[in-house]
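Visitor:
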Amino acid sequence: MLSRTASELYWMSRYLERAENLARMLDVSYSLSLMPQHGRGDGLEELAMSLLSTGTLDLYQERHGELNAARMLHFFALDADNQASIFSCLRAARINAHAVRGRITADIWENINATWLEVLSIANEGLGRYGISRFCEWVKERSHLFRGATYGTIMRGEAYRFIRLGTFIERADNTLRLLDARYEMFGEESEEVSDLSARGYYQWSALLRALSSFEAYTEVYGGSPNARQASELLLLRADVPRSLRACMEELNLILASLPGDNGRPAQRLAAELDARLRYTAIDEILDEGLHTWLTDFILLVRQLARAIHSSYLEAV
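To convert, note that position 257 of the sequence shown is 257 in UniProt numbering; the numbers rise steadily by one, no gaps.
(1) From this set, 290, 166, 218 and 250, which residue's C-alpha is nearest residue 18's C-alpha?
(2) Can you find at least 3 beta carbon pairs, one from the segment 253-272 and one from the segment 142-161, that sit closer than 8 Å?
(3) Less than 8 Å separating the beta-carbons of residue 130 and residue 73?
(4) From the DSSP output, in three-state form, read off residue 83 for me.
(5) Compare the Cα-Cα distances from residue 178 to each of 201, 248, 207 and 203 and report the closest residue.
(6) Going by alpha carbons, who is nearest to residue 55 out of 69, 216, 10 and 75?
(7) Report yes if the C-beta distance between residue 121 and residue 27 is below 8 Å; otherwise report no.
(8) Assign residue 192 to buried or exposed, taking buried as 16 or more other Cβ atoms, counted over all protein chains shown, within 10 Å of its Cβ.
(9) Mind reading off the beta-carbon distance from residue 255 to residue 266? Whole number of angstroms is fine, and I expect it under 8 Å.
(10) Find the nearest neighbour of residue 145 within the set 9, 113 and 2, judged by alpha-carbon distance.
(11) Residue 171: which of 81, 65, 299 and 247 sits nearest, CA to CA?
(12) Looking at C-alpha atoms only, which residue of 203, 163 and 102 is the closest neighbour of residue 182?
(13) Put residue 254 into one of helix, strand or coil per three-state DSSP.
(14) Would you mind reading off the limits of the alpha helix (DSSP H) that contains residue 68?
(15) Start and end of the alpha helix (DSSP H) containing residue 266?
(16) Within 10 Å of its beta-carbon, does residue 292 have 16 or more other beta-carbons around it, so buried, or fewer, so exposed?
(17) What distance in whole Å lies between the Cβ atoms of residue 6 and residue 33, which are believed to be in contact at a cut-off of 8 Å?
(18) Relative to the alpha-carbon of residue 289, which residue among 228, 307 and 309 has its alpha-carbon at the smallest distance?
(19) Report back the beta-carbon spacing between residue 10 and residue 162 to the nearest angstrom; my notes put them in contact at under 8 Å.
(20) Using the C-alpha atoms, what's the distance from residue 109 back to residue 98?
(21) Determine the burial state of residue 218: buried for a count of at least 16 other Cβ atoms within 10 Å of its Cβ, exposed for fewer.
(22) So which of 226, 154, 61 and 85 has the shortest CA-CA distance to residue 286?
(23) Excluding five sequence neighbours on each side, which residues of the same chain lie with their C-beta closer than 6 Å to the C-beta of residue 64?
(24) Between residue 312 and residue 3, which are expected to be in contact by the criterion C-beta below 8 Å, what is the C-beta distance as a whole number of angstroms?
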């Protein structure tokens, strides 16, 4: 497969996964911001955590100054000038999909194109009239339809593998960033909240719901979420679809299945990261410091993304 085609397939799926991740984060953060704050402010810190996790806090403040709920929601959802907004992600996904129409099925293309046309309509209507929760649910549904169309209609060849690569590298990065942004927002308090703390319960529950892992947590641990068990679930449980370990297992398998010798650096790094997670215990992570460990692994995932790019996506 031509590296340009592989790159467009890879980024098509990365942008769609990113849009879904943003919708999940935005929906949960907005819901938390509406809860009684018990003297802790007006709830904007929950939305600010979203800005931290996407690395766009400085851009927002440069353009809008002080935090404002309505402006923050538009900035994340439908701001065409914000390259990290859901609108921009869906636009980029559609551009990449159009470039590879010959390598994807009609079902995949029609899903992505219809999504783009509909988000244009929503942008014209305005988020205030459409509704933020309704919008976030719509984005998630469109992403689910894309994955369903991909899984159900495309041949299990290289195109399928590069689509899946984009999905899991983006998902791994998102899980790490959400955990780290939560730590950065609440600091040591994030490790001290107990099962009996209402604030801690809602914080960890929100994070688990943002990653579709609340039900998994309830099944595995029961009781109220806390830092240790939630971190273990989201980092080290291979049977939780959005956990870091589940993503790294998939990336390792996909890269190992790609032919040729050019990909050896990416294959080796993916295998090393997969093995590291497989044989790491949560107590080792907490002893090192959750923030330190997350920061280091974010850099490793970024290194893996660069290795994938140089191995497969650069024109030779």
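Note that beta-carbon positions come from the ideal geometry of N, C-alpha and C, so glycine has one too.
Guide: Inspection of the coordinates gives the following:
(1) Ranking the options by Cα distance to residue 18, first place goes to 166.
(2) Contact between the segment 253-272 and the segment 142-161 is present, because at least three Cβ pairs lie under 8 Å.
(3) Taking 8 Å as the Cβ cut-off, residue 130 and residue 73 do not qualify as a contacting pair.
(4) Correct three-state label for residue 83: coil.
(5) Out of 201, 248, 207 and 203, 207 has the C-alpha closest to the C-alpha of residue 178.
(6) Checking every option, the nearest Cα to that of residue 55 belongs to 75.
(7) Contact flag unset, no.
(8) Note on residue 192: pLDDT 48, under 50, position unreliable in the model; no value is reported.
(9) That belief holds up - the Cβ atoms of residue 255 and residue 266 are roughly 6 Å apart, short of 8 Å.
(10) Of the candidates 9, 113 and 2, the residue whose Cα lies closest to the Cα of residue 145 is 113.
(11) Taking only the C-alpha atoms, the option nearest residue 171 is 247.
(12) Per the Cα distances, 203.
(13) Three-state DSSP puts residue 254 in a helix.
(14) That residue, residue 68, is in no alpha helix (DSSP H); it is neither H nor E in DSSP.
(15) Segment 264-278, the alpha helix (DSSP H) holding residue 266.
(16) Residue environment for residue 292: exposed (fewer than 16 other C-beta atoms within 10 angstroms of its C-beta).
(17) At roughly 40 Å, the Cβ-Cβ gap does not stay under 8 Å, so residue 33 and residue 6 are not in contact.
(18) Checking every option, the nearest Cα to that of residue 289 belongs to 228.
(19) Between the beta-carbon of residue 10 and that of residue 162 there is about 5 Å, and that keeps the pair under the 8 Å contact cut.
(20) Spanning the alpha carbons of residue 98 and residue 109 requires a straight line of approximately 8 Å.
(21) Exposed: under 16 other Cβ atoms inside 10 Å.
(22) With distances taken between Cα atoms, residue 286 lies closest to 226.
(23) Answer for residue 64: 71, listed in chain order.
(24) About 6 Å separates the two Cβ atoms, so the contact holds.
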